[in-house]
Amino acid sequence: MQVVIVESPSKAKTIGKYLGKDYEVLASYGHIRDLPSKDGSVDPEQDFKMIWDMDAKSKARIKEITDALKGADGVILATDPDREGEAISWHLYDVLQQKKALKDKSVSRVAFNAVTKSAVHEAISNPRQIDQDLVNAYLARRALDYLVGFSLSPVLWRKLPGSRSAGRVQSVALRLICERELEIEKFVAEEFWTVEAQVAADSDPFTARLTHLDGEKLGKFSLTTEADGQRAKDLIEAASFTIASVEAKPTKRNPSAPFTTSTMQQEASRKMGFGAKRTMQAAQKLYEQGLITYMRTDGIDMAPEAVMACRDEIKSRYGDRFVPSSPRMYKSKQKNAQEAHECIRPTDFGKHPDDQRLTEDEAKLYRLIWRRAVACQMASAELEQTTIDIRSADEKITFRATGSVITFEGFIAVYTEGRDDEEEEKQGVLPKVTAGTAADVDKVKPEQHFTQPPPRFTEASLVKALEENGIGRPSTYASIISTLQDRSYVRMDKNRFIPEDRGRIVTAFLENFFGKYVEYDFTAQLEDTLDEISGGREEWRAFLHRFWDEFHAKIEGMTGLRITEVLDALNEALGPHIFPDRGDGTDPRLCPTCGEGQLSLKVGRYGAFIGCSRYPECKHTRQLGKDEGDAPAEDKVLGIDPDTSTEVSLKSGRFGPYVERAAVSEDEKPKRASIPKGWNAAETDFEKAMMLLSLPRDVGPHPEDGETIEAGIGRYGPFVKHGKTYANLESVDDVWEIGINRAVSIIQDKKDNPRGRGRAAAKPKRELGKHPDTDEVVGVFEGRYGPYVKHQKTNATIPKGENPDEITLERALELIAEREAKAPTKKKAAKKKATKKAAKKATKKATKKAVKKTKKAADA
């Protein structure tokens, strides 16, 4: 018997069916070891010796494997066919060797590009050894990432409290996002005008655009004012026109190459709104079910037998006309042949998407992959492109109209890139006109336009930019994006990335003091060197020594750098962002409170903020990222409290704007209340300030015990309170509007459902489907501490970085199973409680004895 080890249980289940009873297929659940998150895990002084660590779950899986090996003839390492897969096999082999589990056992490594019966059996028949060059590339990358992260983070902690490194590659991706945001902020819109008109020449009218005026070809900025547009209109309306030329020529459009990891992520984002992580999770499931080839690849090559199978499918479904005379061959530009894989394609083109039983995400992605792969082998689309020029009698004014019509769909019948497949072609079809025919030019319309700033990155465009700049590799794009979001360096708004201030500060710091290490070319060169190592053309430790000697010297040189120097550099780099031009000619860095000091970036224990240079005389501060318009420009007296005869003011603090009622006496503290989220500080008047300062508000006595129910605004937002029970309210306005009956109901709901947010039975945000064991609904819920999935009484937190709107039923079941596995049994819980009680009793007894002894000594 042979023990076969793969990464995932679902993959193990599929392969187990193919191999039969002579093989036991087990899962490692990914990497079994990793570098501990502590100093010293990689030691440059000992030739980059690495200390690996296993968690409890990995130890249990290794035990399962070693137990299985006791009665086996050998082990087959069948992990994924890429650098990470090779590393997982190496880790398994190394650990099993240390445990002496491989004595007298054969060890072989197999890899297959698709989880199909034929591919698995062929791989088993052609075993090989572990590719040490691929493993060395993995070791070099892990050491590189660890050393950069653990060296940079302490520098950031010391020089910029509250900051830490995003990671070697992630920092460069963050720079892309921050630079794009800076471009947008610096962008100055320019005005330009275009002129269109309706043209008819013994035909239906069609739209044409002005291309020449005064005998000169118009550029984008030839017409820049309304006067220019009006002058053009006047000249056109005074002229007579004829059809100068009509050109109709056939053109062809060729299909796109089949998917790589990058193009699949981009298209899934554009067409279906999938994030990179969601796409890869669905692709992993399709791969493990044997429906697609391996999903982490730079390759666009398609195996010859797959090409022929694809052509047969096209002929069968669409007819001979849609099959090109010769197969289309796509060639990858992969530098390292050892890591080059086939494109992402269906393993069997006969498995049509409509015939498969899949989850919603899997079905959508499989349909996309199937269509793209089939289309890449289909005949070209044929179009007729028509261009009509309309010219004035004096030949000084020219209009042009262009249009096209599809004469043969070809591959468009199945798939087109970057648009919804069901969307019809929306290119204009022009009427038939004849050259020399008089033309009526009517409804002349000058139109004003402004240039637009570059768009913020979407996941699709960021992945494309990473690929174009050689940053990262296909298997890393999803994790790069997740890390930036998990560490709150960027946020998503309308599916576009916006850098947070902490992200911009870290980027500015790295650009100013570690510029070389966040350069795009330098990062791409490192990736190329890793490719050289995986190809056996570079020695990995020699590469690390070269990198470390220079990088470590740079780190050491930062010890004498003063924080004031860092802040000066950041003030300069981030000036346009944190001190935007006010538009009135005044100094944007002039303190709005004292009118004398200069605003500058400062750091405190909780991170960066903006403060006045005249501190402590002037205590003006504001949060980074908040415009002065979000807070009062200066402390403003709103009125006098009639009950205390003291001033009520609107002020700005480090944590945002607030209202304050001055103290009646020196012994008393002034009462303050923060401006609630959603309120505009600039619009806060005396009435609103008094409303805030009057909180908490007495709603009324509880009918059961007479204790007063209060309503107020706290750390977690608006609430009602009865005794020690707090229940959240939906909006700030409820604090002043809620009545006793509703308050009692919300309080009771919270008592009945302590983990809820004031509701007896919280409704799921999304229902994912029924649990296979209980037939009860599994749903996604929103909790106080974040989103979670729930089945019966089991709540499992959705990990940070995973979008709750993208969670599938399969993923929810995994999280619930993990949560149930961690939950203590009643016996353990009771034992823990008894132990705690016994310890408390023993402590009380010991204390009593000590007091008695002390008293006795005092009496003596």
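For the sequence shown, position 325 (counting from the first letter as 1) is numbered 325 according to the UniProt record's numbering, and the numbering increases by one without interruption.
Just so you know, even glycine gets a beta-carbon here, dropped at the ideal spot from N, CA and C.
Local Cβ density within 10 Å of Phe522, reported as buried at 16 or more and exposed below that
Flag for Phe522 reads exposed.
Between which two residues does the beta strand (DSSP E) carrying Ala673 extend?
Start and end: 671-674.
Look at the alpha carbon of Arg372 and the alpha carbon of Leu815, and state the distance between them as a whole number of angstroms.
Those two C-alpha atoms are separated by around 33 Å.
Can you list, in chain order, the residues of its chain whose CB lies under 6 Å from that of Leu96, leaving out five sequence neighbours each side?
If we look at Leu96 and ignore the five residues flanking it on each side, its Cβ neighbours are Leu102.
What did DSSP end up calling Cys612 once you bin it into helix, strand or coil?
Look at Cys612 here: in three-state DSSP terms it is strand.
Tell me the DSSP bridge mates of Trp193?
Per DSSP, Gln448.
So, for Tyr788: in the same chain, excluding its five sequence neighbours on each side, which residues have a beta-carbon less than 7 Å away from its beta-carbon?
Counting only Cβ-Cβ distances below 7 Å, and skipping sequence neighbours, we find Phe781, Asn795, Ala796, Thr797, Ile798.
Whether or not the stretch 395-410 and the stretch 209-229 are in contact is what I'm after, with contact meaning three or more pairs of Cβ atoms, one per stretch, closer than 8 Å; do they touch?
Because the criterion of three Cβ pairs below 8 Å is met, the stretch 209-229 and the stretch 395-410 touch.
Specify the secondary structure class of Met1 as computed by DSSP and reduced to three states.
Residue state, collapsed to three classes: coil.
Cross-strand partners of Pro701 (DSSP beta bridge):
DSSP output for Pro701 lists Thr708 as bridge partner(s).
Could you spell out where the beta strand (DSSP E) holding Asn728 opens and where it closes?
It spans 725-728 - the beta strand (DSSP E) in which Asn728 sits, taken as one unbroken run.
C-beta contact flag for Ile88 and Glu24 at 8 Å:
Their beta carbons are not under 8 Å apart, which means Ile88 does not touch Glu24 by this criterion.
Consult DSSP for Thr386 and reduce its assignment to one of helix, strand or coil.
Here Thr386 sits in strand by DSSP.
Output yes or no for whether 8 Å exceeds the beta carbon distance between Ala268 and Leu484.
Against a cut-off of 8 Å, the Cβ pair of Leu484 and Ala268 comes out as no contact.
Output yes or no for whether 8 Å exceeds the beta carbon distance between Val735 and Ile713.
Contact flag set, yes.
Among Leu213, Pro580, Val414, Gly275, which has the Cα closest to the Cα of Glu313?
Across the set Leu213, Pro580, Val414, Gly275, the C-alpha of Val414 shows the shortest separation from the C-alpha of Glu313.
Three-way DSSP call (helix, strand, coil) for His545 in this model
The DSSP-derived three-state label of His545 is helix.
Give every residue of the same chain whose Cβ lies closer than 8 Å to the Cβ of Val169, excluding the five residues on either side of it in the sequence, and list them in chain order.
Cβ within range, chain order: Asp145, Ile471, Gly472, Thr476, Ile480, Thr523.
Taking contact to mean 3 or more Cβ pairs, one atom from each stretch, closer than 8 Å, check whether the stretch 295-307 and the stretch 378-398 are in contact.
The stretch 295-307 makes no contact with the stretch 378-398, as fewer than three CB pairs between them are under 8 Å.
Looking only at its chain, what residues have a beta carbon closer than 7 Å to the beta carbon of Leu286, apart from the 5 residues adjacent to it on each side?
Only Ile292, Glu362, Leu365, Tyr366 meet the Cβ criterion.
Sort Phe514, Thr359, Arg278, Ala743 by Cα distance to Glu802 and report the nearest one.
Of Phe514, Thr359, Arg278, Ala743, the residue nearest in Cα terms is Arg278.
Rounded separation between Lys315 and Asp53 - CA only:
One C-alpha to the other measures close to 54 Å.
Under the assumption that Leu160 contacts Ala608 (Cβ atoms under 8 Å), give the Cβ distance between them as a whole number of angstroms.
7 Å between Cβ atoms; contact.
Output yes or no for whether 8 Å exceeds the beta carbon distance between Phe497 and Leu156.
No, they are not a contact pair.
Exposed or buried, what is Pro250 when buried is set at 16 or more other beta-carbons lying within 10 Å of its beta-carbon?
Classification of Pro250: exposed, given that the 10 Å Cβ count is below 16.
Proximity below 8 Å, CB of Pro778 to CB of Gly786
It is Val, not Pro, that sits at residue 778 in the sequence shown. Not in contact: Val778 and Gly786 (Cβ atoms no closer than 8 Å).
Pairs of beta-carbons, one from the stretch 353-362 and one from the stretch 232-245, closer than 8 Å: are there three or more?
Contact fails: fewer than three Cβ-Cβ distances are below 8 Å.
If you count every other CB in all the chains shown that lies within 10 Å of the CB of Pro580, and 16 or more means buried, which is it?
Here Pro580 is exposed: its Cβ has fewer than 16 other Cβ atoms, across all protein chains shown, within 10 Å.
Got a sec: does the ligand PLP put a non-hydrogen atom nearer than 7 Å to the Cβ of Gly503?
This structure does not include the ligand PLP; it has no bound ligands of any sort.
Closest Cα partner of Pro764 within the set Gly783, His91, Cys612, His545:
Nearest to Pro764 by alpha-carbon distance, out of Gly783, His91, Cys612, His545, is Gly783.
Close beta carbons around Phe349, own chain, < 7 Å, minus the five adjacent residues each side:
These residues qualify, in order along the chain: Ala309, Cys310, Glu313, Val374.
So, with DSSP's three-state summary, where would you put Tyr29?
Looking at Tyr29 - three-state DSSP - the assignment turns out to be coil, as it is neither helix nor strand.
Cβ-based burial, Met1 [other Cβ within 10 Å; buried from 16]:
Result: exposed.
First through last residue of the alpha helix (DSSP H) which encompasses Thr794:
First-last for Thr794: 794-797, but that is the beta strand (DSSP E), not the alpha helix (DSSP H).
Nearest-angstrom Cα distance between Asp528 and Met50?
The alpha-carbon atoms of Asp528 and Met50 are separated by roughly 23 Å.
May I have the straight-line CA-CA distance separating Thr437 from Thr225, to the nearest angstrom?
The C-alpha of Thr225 is placed about 33 Å away from the C-alpha of Thr437.
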